[in-house]
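Remarks on the structure that follows.
In this note's numbering, the protein residues as written are 1366 to 1814.
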């Protein structure tokens, strides 16, 4: 068992803690609490727990990243400072050790990302749930949290059979919608790990936002993160792309490109990688990595121009000279491939975005290849995003991730106001914050002297 750097210490009695949300943050919190002797029930609205976790593992579960910790922590941007102690306590190495303890070997991929040896999430989740059940963790699925019961003394049925004691200053009276009707639960503390607002069909629907705002908690608007973007209409019928282009190239990778733009603060942003053409614009790893400043620039300016360098290995001068060579009877497609290495989707994208006159001027064509402009007008909807930004602001929490407005209520995972790129950073912070919130619960439950 390795659910945090500090060995859990049990309070002197056996309290009951409700965890709402069966994703990584909620499950690691359950493991931490159960190891300290606390009775834990994990509630989830879905028919089974870990559904978004399983989705994340479909293409290979990226648990964490092998880069140096300073570089790793820099990925959390404005929230780096508040996340540092959590990730230091339960970071990339601790996460790997934890997986090894479940019998799951890991390896470092060529990009530095760390994966389970089998790549998939399902074997890891099965082993994890087996261990949690053996530790006494209870699961209550198809339980959608509705908030707190009215404070009128009528708290309904109490299936935990707990009696309030003087050990804890405040208990939580919770309401859940179930297939059999409303269910009420009384518990010593509540840990919320309901996820952000992306992928509602897997349980992360953001329905908790008004419930927490009603308590006076400061919750930042949920926004898409690690998402694709719409490109300004240029195709038939006001679409981003022509029907022919989409039929041939939708979903195909645009490899070895460099993306550049100026963010809302006037700073130049640049990143190399690959991306994909989508039905409405552009998406993929390169775009996801830039999604936060792209999104913020669109919010501030209404749109942003992203410039793609389709030939990053050649200078503008060399490219212009190569394209200026006579092409004789060769087609423009052959000329582009022979002189600039531009073919396939890159050549098609040039055709899609440029006029005929642009192809007639070698210097203008070279400039467009080095900085092809795409006007991005909006991020894709929140429910399509890999993750979400926004959530409960850390200023609304104490040092133990407890809501100042509602003592005894702790927040973890994507419900918190932070964001990070893909690459293992998201999962690591979810695990780290879940473990940190669980330690906060233990401190809260411990009698004060």
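A virtual CB, placed ideally from N, CA and C, is assigned to each residue, including glycine.
- DSSP assignment within the stretch 1723-1749 yields the following whole beta strand (DSSP E) runs of 3 residues or more, N-terminal first: 1737-1744.
- Residue 1771 and residue 1552 have their C-alpha atoms some 14 Å from each other.
- Residue 1637 and residue 1787 have their C-alpha atoms spaced approximately 15 Å apart.
- For residue 1668, the three-state secondary structure derived from DSSP is coil.
- Shown here, residue 1379 sits in coil according to DSSP, grouped into three states, outside any helix or strand.
- For residue 1677, the closest C-alpha among the options 1640, 1622, 1715, 1691 is that of 1622.
- Boundaries cannot be given for residue 1455, as no beta strand (DSSP E) includes it and DSSP labels it neither H nor E.
- Beyond the five residues adjoining it in sequence on each side, residue 1660 comes within less than 6 Å, by CB distance, of 1744 in the same chain, given in chain order.
- With contact defined as three or more Cβ pairs closer than 8 Å, the stretch 1391-1402 and the stretch 1535-1548 are not in contact.
- Taking C-beta separations shorter than 6 Å and ignoring five residues to either side along the sequence, residue 1494 has no partners in its chain.
- Of the candidates 1734, 1694, 1791, 1734 places its Cα closest to the Cα of residue 1706.
- Here DSSP, grouped into helix, strand and coil, assigns residue 1784 to coil.
- Assignment of residue 1711 by DSSP, reduced to helix, strand and coil, places it in the helix class.
- Residue 1563 and residue 1570 have their C-alpha atoms roughly 6 Å apart.
- If you look at residue 1389, you'll find it in the alpha helix (DSSP H) that goes 1389-1400.
- Secondary structure at residue 1606: coil, using DSSP grouped into helix, strand and coil.
- Separation of residue 1654 and residue 1379 (C-alpha to C-alpha, rounded to the nearest whole angstrom) is 45 Å.
- Fully contained in the stretch 1430-1485 are the following alpha helix (DSSP H) runs of length 4 or more, in chain order: 1434-1439, 1445-1454, 1457-1466.
- Residues 1622, 1624, 1636, 1637, 1638, 1639, 1640 of the same chain have their beta carbon placed closer than 8 Å to that of residue 1651, with the five preceding and five following residues left out of the count.
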